[in-house]
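Notes for the one structure printed next.
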């Protein structure tokens, strides 16, 4: 890992999917993984939030749309990329 790598938070309720994405991105980013919406929100609220969030749209309990709405209502300026199965 290099010093100036972007911080990326991967959010997916499917552990295998999240871990596969993380494995690919670790070469170019400082990657953290959250396996659900509530965990993702608490990680973004940390003192050193991620630069970008890769957010699964379809998750139980708190969907990606719900997480995005909460981030925006809290005026979080982190970039968010919504992903879903094709």
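In my numbering, the protein residues as written are 1197 to 1282. Glycine residues also receive a C-beta, built at the ideal position from the N, C-alpha and C atoms. Just so you know, these numbers come straight off a predicted model, no measurement behind them.
- Within its own chain, the residues whose Cβ lies closer than 6 Å to the Cβ of residue 1214, once the five positions on either side in sequence are excluded, are 1206, 1208 and 1229, listed in chain order.
- As DSSP reads the structure, residue 1214 sits in no beta bridge.
- Taking a C-beta distance under 8 Å as the contact criterion, residue 1269 and residue 1233 do not qualify as a contact pair.
- Excluding the 5 residues flanking it on each side, residue 1246 has same chain C-beta neighbours closer than 7 Å at 1203, 1204, 1205, 1228, 1240 and 1274, in chain order.
- Note that the C-beta distance between residue 1237 and residue 1263 is below 8 Å.
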